Amino acid sequence: MKEIILTVKKTLSVPVECSEISPNSLAGKTLEQIRAMKVWEGNRSTRLEEIFYVKEQGGNASEGLTVRIVGDASGIRKIGHRMAEGSMVIEGNAGMYLGEEMSAGSITLSGNAGAWLGSKMKGGTIEVNGNAGDFVGSSYRGSRKGMKGGTIIIHGDAGTEIGCWMRNGTIRIKGGTGMFPGMHMSNGTIYIEKDCSGRTGAQMTGGRIVIGGHVPAILPSFNIEEVRERVKVGEEKITGPFYVFTGDLNEDGNGKLFINVTKNSHLKWCEEYLEL
Amino acid sequence: MTELMLRNGTVFDPLNRVRGEKMDLAIRDGRIVETASSKAKVIDASGMIVMPGGVDIHSHIAGSKVNSGRILRPEDHEKDVEGRTSITRAGVGYSIPSTFTTGYRYARMGYTTVFEPATPPLKTRHTHEELDQIPIIDKACFPLFGNNWFVMEYIREGRLDECTAYIAWMLNATKGYAIKIVDPGGVEAWGWGRYLKRLDDEVPHFAITPREILRGLCKVNKLLGMPHAIHVHTNNLGNPGNYLTTIETMDCVSDLASGGKPIIHITHVQFCGFTGNSWLNVGSGAPEIAEYVNKHDHVTLDPGQVIFGDTTTMTADGPFQFLLHKLSGNKWVNVDVEGETGAGIVPFHYKRSNYVNAVQWGIGLELMLLVKDPWKIYLTTDHPNAGPFTSYPKVVTWLMSNVARGRVLARINKNARRRLDLPGIDREYSFEEIAIVTRAGTAKSLGLRRKGHLGVGADADVAVYNINVSSIDPSRDYEIVRKALANAAYTIKNGEIVVKEGEVVATPTGTTYWVDPKVSNDLMQQTTASLSAKFEEYYTVRMANYPVEESYLESSTRIEAHAEV
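Those sequence lines, one after another, are chains A and B.
Quick note on the numbering used here: the first sequence kicks off at 202 and runs consecutively.
Quick note on the numbering used here: the second sequence kicks off at 33 and runs consecutively.
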């Protein structure tokens with residue numbers, strides 16, 4: 202297993218765009234070639250070695266390549282862009298668009314991620330130990346093509362509009378999220394273990410959103426269907442009980458919301474519609 | 033004094049009956065001249081095709097709805113970004129390119145003149161601001177009159193002279209070039225929650241029908257002595273069975289024609305050439321429309337050829353766009369309704385596998401191939417409605433090569449293929465015919481005397497393509513033709529080389545054409561007096577503040593027309 206280690210050299214005062222840092226893009230390149238790769242620092246084109254110290258460790262590249270980034274990369278955008286193999290380990294924070302359009306492999310991040318984590322993702326796994334920004338697994342602004350496959354796991358909290366236009370795959374947030382999770386989503390699963398600030402599943406047409414914590418309200422364009430004891434997320438069975446809502450009826454949608462009953466006593470009034 | 037000498041090119045200049053002859057072309061001070069001095073810069077064009085610069089009759093490149101489309105579609109720009117060079121500015125495409133990029137991309141294809149075919153009069157200042165920002169090409173815009181309250185009132189009351197004076201005033205005020213009519217009466221009716229499907233349906237509150245509006249404006253166009261015919265987007269557009277409305281529209285003004293001159297241009301006919309009575313059995317009305325056009329000289333067409341892929345539809349036809357938004361489920365915006373017209377914008381993806389889209393693709397090509405006289409039909413994609421203008425080279429290969437057409441045909445929806453006449457048509461365009469439908473014909477239709485040809489005195493707008501007619505058979509080598517047309521070897525604008533081998537090398541400012549019709553002073557005074565009162569009543573701007581001043585345009589070319597009233 203071969204490892205390429207990129208250590209952030211300096212405190213970045215302007216955003217750096219590094220869409221070339223991924224195992225499939227670095228594989229087969231010598232250290233010299235990697236150092237000479239072009240990156241954008243603000244509006245200036247520069248060499249990768251201006252941003253990182255580059256070194257190599259270990260043996261055989263044919264067993265797969267790991268790219269390790271050490272230091273605060275929160276100003277670096279598009280790390281793991283179109284990643285298709287291998288693994289990336291980031292010891293620190295990462296900037297916007299981490300794992301954008303990735304199709305396979307795994308990214309592990311010890312710190313926090315910026316916005317648009319795993320946007321347009323097609324496959325593979327991203328695991329974030331800290332928090333993530335807005336638009337996790339979403340589409341580019343204006344586009345209808347959100348995350349299509351793969352798994353995103355966030356141990357901390359995430360921002361607003363996660364899973365926007367999501368088409369498949371799984372997003373699991375161990376913390377809470379801001380408003381509008383699963384907006385416009387058509388398929389796939391979002392599991393928020395803690396609280397969500399509301400407007401859950403606005404304009405969703407399909408897919409599932411499971412919320413283990415508190416939600417201020419459910420949009421009026423959702424119908425209550427039943428109360429269910431447990432719900433399956435991937436292989437795991439999550440114990441509730443959960444209110445099950447369908448919607449968004451404004452979009453003729455058939456999405457499902459699973460809302461924890463015990464954490465949302467203010468939704469008890471919905472139960473009287475269950476017999477109707 | 034700048035001089036250029038294009039040597040040994042194979043020249044196609046249909047207006048001067050030059051059909052692929054090897055000859056030299058001399059240019060001095062932005063014009064074509066007899067001979068150049070020995071100091072002239074020489075360009076060796078041997079083994080290359082030389083044509084007049086392209087003239088696009090219908091392409092939405094500037095104005096209120098174009099810009100709203102840009103705002104609506106960040107995802108359209110994300111996928112197509114062009115960095116700056118030492119000469120060009122950075123910009124984005126794809127279906128609604130930014131202003132600078134629009135100019136560069138047209139120039140790269142050898143186009144030097146482009147007309148924006150729909151501007152809401154009240155917002156035309158914005159249109160001109162954007163046109164001014166488009167480098168290289170010459171341009172103009174057509175103000176919309178088909179749902180104008182004053183026009184409808186004048187025509188209903190039979191006050192054609194005043195209507196003529198009003199439009200003369202408006203053309204001057206908006207620095208417009210032609211009378212554009214979109215869904216006459218229909219956009220207004222839709223504002224009242226109604227759809228006008230037929231030419232004899234009445235516009236609510238105005239007691240007038242689309243037929244009367246069309247005939248009225250056609251007469252006005254003639255009275256004004258306009259260089260271009262009325263430019264019409266028909267009623268009932270985008271509905272199955274509407275080819276009958278199209279034929280009826282062409283026919284409703286046929287008795288007004290005289291002297292074999294076209295008096296009506298029907299635009300993007302593909303969108304109004306459907307047979308059938310539902311989306312399940314929609315078919316091509318192109319053979320019937322082409323038959324009508326082949327028999328009549330008062331009408332010209334452009335097809336609005338569909339290009340498979342993603343694009344953005346935008347027209348002043350708000351009702352149609354609302355329908356499309358409902359059909360496709362795509363986002364939309366509705367703009368300009370507070371002006372004298374309306375508009376809608378909806379992103380759209382034309383799919384080969386989709387029956388209706390495949391039929392639409394076939395209708396455009398059938399029209400181009402079944403209308404026998406190339407002077408009656410011009411190449412457009414109704415940019416960006418049916419596809420971006422950057423696809424023109426692809427459309428040319430479909431016209432010139434049965435094989436290129438066949439390759440697409442083999443991959444479209446098979447029910448559509450069975451339904452279309454296209455597989456049985458084996459006509460292939462010649463380079464001369466291509467020159468007609470892309471420059472000579474359009475320039476003639478627009479009444480641009482110094483464009484679209486290479487005779488002495490013409491503007492030195494020239495396109496040179498790296499196609500050797502003696503060794504290349506466009507029917508077989510269509511890929512070579514496509515690439516050569518997409519990246520002109522040279523584009524010359526006003527005697528200046530602006531593109532070399534597909535790269536922009538200079539970015540001069542083009543001029544804006546507008547028509548200034550002169551009606552009699554008495555009539556104008558009488559009309560503007562009553563107009564001023566109406567402005568106070570209906571408008572948010574004073575009449576004096578409404579006109580776009582000539583000095584507001586970066587470069588203005590006024591064309592005077594002498595009205596009969």
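Quick reminder that beta carbons are idealized off the backbone N, C-alpha and C, glycines included.
Quick caveat, the model's predicted, so the values are computed rather than measured.
Going by Cα to Cα distance, which pick from the options is closest to residue i?
i	options	result
residue 279 of chain A	A:331, A:438, A:226 and A:231	A:226
residue 422 of chain B	B:519, B:66 and B:408	B:519
residue 360 of chain B	B:102, B:344, B:319 and B:448	B:344
residue 91 of chain B	B:309, B:129 and B:594	B:129
residue 513 of chain B	B:249, B:365, B:425 and B:109	B:425
residue 443 of chain A	A:360, A:261, A:413 and A:449	A:413
residue 554 of chain B	B:183, B:197 and B:312	B:197
residue 381 of chain A	A:218, A:371, A:361 and A:301	A:361
residue 209 of chain B	B:111, B:471, B:159 and B:448	B:159
residue 393 of chain A	A:410, A:245, A:449 and A:300	A:410
residue 464 of chain B	B:294, B:478, B:405 and B:324	B:405
residue 314 of chain A	A:294, A:433 and A:454	A:294
residue 231 of chain A	A:256, A:325, A:383 and A:352	A:256
residue 374 of chain B	B:77, B:155 and B:79	B:155
residue 121 of chain B	B:108, B:34 and B:137	B:137
residue 171 of chain B	B:597, B:590 and B:596	B:590
residue 352 of chain B	B:266, B:157, B:586 and B:575	B:266
For a contact meaning CB atoms closer than 9 Å, what does residue i contact in chain A?
i	result
residue 106 of chain B	341, 342, 343 and 344
Rounding to the nearest angstrom, what Cα-Cα distance links residue i and residue j in this structure?
i	j	result
residue 216 of chain A	residue 322 of chain A	22 Å
residue 418 of chain A	residue 452 of chain A	19 Å
residue 180 of chain B	residue 106 of chain B	32 Å
residue 460 of chain B	residue 399 of chain B	13 Å
residue 396 of chain A	residue 420 of chain A	16 Å
residue 356 of chain B	residue 378 of chain B	7 Å
residue 236 of chain A	residue 252 of chain A	9 Å
residue 527 of chain B	residue 41 of chain B	16 Å
residue 262 of chain B	residue 391 of chain A	56 Å
residue 471 of chain B	residue 55 of chain B	19 Å
residue 246 of chain A	residue 218 of chain A	10 Å
residue 368 of chain A	residue 434 of chain B	40 Å
residue 298 of chain A	residue 334 of chain A	10 Å
residue 478 of chain B	residue 592 of chain B	14 Å
residue 146 of chain B	residue 85 of chain B	10 Å
residue 501 of chain B	residue 515 of chain B	15 Å
residue 275 of chain B	residue 475 of chain B	27 Å
residue 564 of chain B	residue 417 of chain B	37 Å
residue 327 of chain B	residue 288 of chain B	16 Å
residue 164 of chain B	residue 135 of chain B	10 Å
residue 341 of chain B	residue 419 of chain B	8 Å
residue 558 of chain B	residue 567 of chain B	15 Å
residue 442 of chain B	residue 387 of chain B	14 Å
residue 213 of chain B	residue 150 of chain B	9 Å
residue 425 of chain A	residue 402 of chain A	14 Å
Could you name the residues of chain A that residue i contacts, counting a contact when the two beta carbons are closer than 7 Å?
i	result
residue 586 of chain B	Within 7 Å Cβ-Cβ: nothing; residue 586 of chain B doesn't reach chain A, min ~28 Å.
From the beta carbon of residue i, is the nearest beta carbon of chain C less than 8 Å away?
i	result
residue 110 of chain B	The question asks about chain C, but that chain is absent: this structure's protein chains are A and B.
In terms of DSSP beta bridges, what is residue i paired with?
i	result
residue 311 of chain B	Residue 311 of chain B pairs with nothing; no bridge assigned.
residue 258 of chain A	A:204
residue 274 of chain A	A:295
residue 594 of chain B	B:550
residue 460 of chain B	Per DSSP, none; premise fails for residue 460 of chain B.
residue 264 of chain B	B:213 and B:298
Below 8 Å on the Cβ atoms is my contact criterion, and I expect residue i with residue j to pass it. Report the Cβ-Cβ distance as a whole number of Å.
i	j	result
residue 328 of chain A	residue 310 of chain A	7 Å
residue 303 of chain B	residue 269 of chain B	5 Å
residue 539 of chain B	residue 168 of chain B	6 Å
residue 211 of chain B	residue 258 of chain B	7 Å
residue 63 of chain B	residue 491 of chain B	7 Å
residue 584 of chain B	residue 205 of chain B	11 Å between Cβ atoms; not a contact.
residue 282 of chain B	residue 240 of chain B	Not really, about 20 Å apart at Cβ, beyond 8 Å.
residue 152 of chain B	residue 368 of chain B	4 Å
residue 325 of chain A	residue 303 of chain A	5 Å
residue 415 of chain A	residue 375 of chain A	Rounded, the Cβ-Cβ distance is 15 Å, inconsistent with contact.
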